[in-house]
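Residue numbers are given in the numbering used here: position 56 of the sequence shown equals residue 56, and the series is strictly consecutive.
Beta carbons are placed, not taken as given, at the ideal position from N, Cα and C, and that holds for glycine.
Down below is the structure, laid out as structure tokens.
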Amino acid sequence: MPRELQRKLGLFAAIAVVVGDMLGSGIFFTPGELASLATSGRYVYILWALCGVITLFGALTLAELTTIFPEPGASYHIIREGFGPFWGFLKIWIEMLVSGPGSVAGIAIVLGEFTVRLIGGNPLYWGAFSILFFAVINLSGVQWGGRTQILLTLFKILALLALVCGSFIFAKPLHSSAIPENVNFFRFMGLGIAVVLFTYDGWIDVSHVAGEVVRPEKNLPRALGYGVLFITIIYLLVNFAFLRIVPLSAMRAEPRLVATHVSEATFGAAGGNFLNAAILVSIMGALGGLVLTLPRLYYAAAVRYKMNPFFNMLSFVPARTSVPAGSIMYCSLVSILVLFFFQSFSHIVNFFVLPVQTVNILLISAIFRFHKRSNTAYRTPGYPWIPWIYILVLSAFLVSALLYHPIDCLLGILLTATGIPVYLRMRRAEVRNG
1 MPRELQRKLG
11 LFAAIAVVVG
21 DMLGSGIFFT
31 PGELASLATS
41 GRYVYILWAL
51 CGVITLFGAL
61 TLAELTTIFP
71 EPGASYHIIR
81 EGFGPFWGFL
91 KIWIEMLVSG
101 PGSVAGIAIV
111 LGEFTVRLIG
121 GNPLYWGAFS
131 ILFFAVINLS
141 GVQWGGRTQI
151 LLTLFKILAL
161 LALVCGSFIF
171 AKPLHSSAIP
181 ENVNFFRFMG
191 LGIAVVLFTY
201 DGWIDVSHVA
211 GEVVRPEKNL
221 PRALGYGVLF
231 ITIIYLLVNF
241 AFLRIVPLSA
251 MRAEPRLVAT
261 HVSEATFGAA
271 GGNFLNAAIL
281 VSIMGALGGL
291 VLTLPRLYYA
301 AAVRYKMNPF
311 FNMLSFVPAR
321 TSVPAGSIMY
331 CSLVSILVLF
341 FFQSFSHIVN
351 FFVLPVQTVN
361 ILLISAIFRF
371 HKRSNTAYRT
381 PGYPWIPWIY
391 ILVLSAFLVS
401 ALLYHPIDCL
411 LGILLTATGI
421 PVYLRMRRAE
431 VRNG
């Protein structure tokens with residue numbers, strides 16, 4: 001019988017998980033990527049604000065669902081109870097096979113590259129070391145994982161605010177000639193929303209630790225709402241600071257160096273090192289959040305399928321620490337294998353955009369199954385419009401993904417479909433064993 005996890009994460013730790021998983025390195029590079037599509041700064045602000053509002057709508061809905069299912073790996077239980085065991089297993093399959101370990105490995109690669117810039121070495125080795133580092137911390141107890149996440153989140157927020165506020169004080173705004181507005185606004189939204197939503201991604205991860213949050217009926221809704229709202233404000237401020245110093249025309253010329261130019265204009269020659277350190281801390285926070293949350297999702301499936309020897313191994317929880325040690329070790333080891341095998345996560349992302357976002361839509365759609373019979377203190381504000389808006393916008397995003405990246409999306413669907421025979425085999429084994 002697997003041991004139960006214990007509720008030891010407070011409100012600030014839960015907020016740190018939301019903010020830490022959302023605030024990675026993407027915000028330093030996404031503004032430059034959008035510059036190739038935008039013809040006006042107001043387009044940029046509209047897109048970032050829209051994606052923030054849509055993410056908030058999803059978070060407000062998920063908040064009610066997690067109070068109904070305040071368990072480890074809550075998203076798995078929500079989908080399983082709402083739509084059946086097959087869809088719950090498919091959620092786990094996507095997260096365990098590539099999406100979860102691939103995300104950890106991809107972030108670890110970027111972390112390794114920035115570590116090399118500061119102190120040298122091999123990025124793959126630094127990436128592997130960072131995964132093991134956070135695995136050891138989380139194996140020591142959920143309190144240590146939560147405290148580390150709070151510390152890293154505070155550091156990266158302070159570093160980002162220092163860059164933004166310093167740019168207002170020390171850097172002079174630059175101006176350039178306006179770019180002719182010959183790009184269709186809806187085409188810009190269709191292409192840009194994928195990049196921006198990816199930068200906002202990570203807010204669902206707090207549901208994985210729902211079983212370890214103190215007073216989940218109050219703290220989970222607050223963590224999701226405050227965390228997403230805070231990130232939206234931060235992202236808008238960063239874009240304002242970037243556009244104030246580096247016009248769109250200059251962003252188009254060097255999209256990957258926008259944050260570097262802002263940092264150098266603010267802090268001079270030392271700006272580059274400051275930026276690298278800020279990005280490094282941001283990536284560490286995102287990586288630490290994933291190593292903390294993903295094993296809880298695996299643990300939820302492991303308890304359900306514990307008759308299978310592999311899943312039984314993942315359900316191992318030591319009495320001393322009360323953490324899902326088996327799942328933590330699996331997540332870390334598979335992530336390191338992915339790190340050294342692919343050596344780059346960028347070409348994997350588009351493969352799994354469609355299945356992952358489809359599962360997210362399914363997750364939020366479950367509110368229509370549970371809202372009327374729910375007796376929790378927290379209720380989704382603006383129901384049913386809030387969840388419907390999220391679902392419709394994400395559905396339109398998936399259509400645009402199919403239109404602009406058809407081959408990658410189809411490959412993602414085919415790879416996800418490999419979970420079907422695995423599920424059927426496990427179901428037959430369950431029936432035979434009674």
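Would you mind giving the Cβ-Cβ distance between Leu362 and Trp87, rounded to the nearest angstrom? I have them listed as a contact below 8 Å. The count along the sequence shown starts at 1 and reaches residue 362 at position 362. The count along the sequence shown starts at 1 and reaches residue 87 at position 87. Confirmed, Cβ separation roughly 6 Å.
Applying the 10 Å Cβ sphere with the 16-neighbour rule, what's the burial state of Pro247? Walking along the sequence shown from the start, residue 247 turns up at place 247. Buried: at least 16 other Cβ atoms inside 10 Å.
For the alpha helix (DSSP H) that contains Ala59, what are its first and last residues? If you number the sequence shown from 1, residue 59 lands on position 59. That run of the alpha helix (DSSP H) goes Gly41 to Ile68.
Keeping to the same chain, check which residues put their C-beta closer than 7 Å to that of Ala14; ignore five residues upstream and five downstream. One-based indexing of the sequence shown puts residue 14 at position 14. For Ala14, where only same-chain residues beyond five positions count, the Cβ hits under 7 Å are Val206, Val213, Asn219, Leu220 and Ala223.
Does the count of Cβ pairs from the segment 281-300 and the segment 83-102 closer than 8 Å reach three? yes
DSSP three-state call for Arg37: helix, strand or coil? Position 37 of the sequence shown holds residue 37. As written in the sequence, residue 37 is Leu, which differs from the Arg given in the question. Of the three classes helix, strand and coil, the one that applies to Leu37 here is coil, per DSSP.
Whose C-alpha, out of Ala377, Phe316, Ala366 and Ser103, is nearest the C-alpha of Val338? As a position in the sequence shown, residue 338 is number 338, starting the count at 1. The option with the nearest alpha carbon to Val338 is Ser103.
Near Leu197, which residues of its chain fall below 7 Å by C-beta distance, leaving aside the five closest residues on each side in sequence? For the purposes of this step, residue 197 is identified with residue 197 of the sequence shown, where counting begins at 1. Within the same chain, Leu197 has close Cβ partners Cys51 and Phe397.
Within this structure, are the beta carbons of Leu124 and Phe341 separated by less than 8 Å? Residue numbering aside, residue 124 sits at position 124 when the sequence shown is read from its first letter. Residue numbering aside, residue 341 sits at position 341 when the sequence shown is read from its first letter. For Leu124 and Phe341, no; Cβs fall outside 8 Å.
My output table needs one value for Leu23: the three-state DSSP class, helix, strand or coil. The sequence position of residue 23 within the sequence shown is 23, counting from 1. Reduced to three states, the DSSP call for Leu23 is coil.
By a C-beta neighbour count over all protein chains shown, 10 Å radius and 16 as the cutoff for buried, is Pro180 buried or exposed? Position 180 of the sequence shown, counted from the first residue, corresponds to residue 180. Caution applies to Pro180, whose pLDDT of 47 falls short of 50 and renders its modelled position unreliable; the value that the coordinates give is listed next. That one is exposed.
8 Å contact criterion, which Gly288 and Gln149 should meet: CB distance rounded: As a position in the sequence shown, residue 288 is number 288, starting the count at 1. As a position in the sequence shown, residue 149 is number 149, starting the count at 1. Going by Cβ atoms, the distance from Gly288 to Gln149 rounds to 6 Å, so yes, they are a contact pair.
Report all residues from its chain with a CB closer than 8 Å to the CB of Asn138; omit the five preceding and five following residues, and keep chain order. Residue mapping note: residue 138 aligns to position 138 of the sequence shown, counting from 1. Cβ within range, chain order: Trp144, Gly145, Val291, Leu292, Pro295, Val323 and Ile328.
Residues sharing a beta bridge with Leu11, DSSP: Numbered from its first residue, the sequence shown carries residue 11 at position 11. Looking at the DSSP assignment, Leu11 forms no beta bridge with any residue, so it has no partner.
Ends of the alpha helix (DSSP H) at Phe307? As a first step, residue 307 must be located in the sequence shown, where it is residue number 307. For the record, residue 307 in the displayed sequence is Met; it is not Phe. Segment: none, Met307 is in no alpha helix (DSSP H) and carries neither H nor E.
Short of 8 Å in beta carbon distance, which residues of its chain neighbour Ser177, apart from the five on each side in sequence? Order them along the chain. Start at 1 with the first residue of the sequence shown, and residue 177 comes out as number 177. Because the pLDDT of Ser177 is 45, which lies under 50, any placement of that residue in the model is unreliable, and the question is left without a value.
For Val213, does the three-state DSSP call read helix, strand or coil? Within the sequence shown, the letter at position 213 stands for residue 213. Val213: strand per DSSP, three-state reduction.
So what's Val18 in DSSP terms, helix, strand or just coil? As a first step, residue 18 is located in the sequence shown; it is residue number 18 there, counting from the start. The answer is helix: DSSP assigns Val18 an H, G or I state.
By the 10 Å Cβ neighbour count, where 16 or more other Cβ atoms means buried, how is Val431 classified, buried or exposed? As a working mapping, residue 431 is identified with position 431 in the sequence shown. It counts as exposed.
Between Leu90 and Ile204, which are expected to be in contact by the criterion C-beta below 8 Å, what is the C-beta distance as a whole number of angstroms? Here the question's residue 90 lines up with position 90 in the sequence shown. Here the question's residue 204 lines up with position 204 in the sequence shown. In fact, because the Cβ distance is near 16 Å, the residues do not count as touching under 8 Å.
Please classify Ala178: does DSSP put it in a helix, a strand, or coil? Locating residue 178 in the sequence shown gives position 178, counting from the first residue. Unreliable placement is indicated for Ala178, whose pLDDT of 47 sits below 50; the coordinate value is still reported in the next sentence. Three-state DSSP puts Ala178 in coil, outside helix and strand.
How far does the alpha helix (DSSP H) with Leu152 in it extend, from its first residue to its last? Translated into the one-based positions of the sequence shown, residue 152 becomes position 152. Looking at the DSSP string, the run of the alpha helix (DSSP H) that includes Leu152 is Val142 to Phe170.
Name the two residues that bound the continuous alpha helix (DSSP H) containing Val110. Along the sequence shown, read from residue 1 onward, the residue named residue 110 stands at position 110. Where Val110 is concerned, the enclosing alpha helix (DSSP H) stretches over Gly100 to Ile119.
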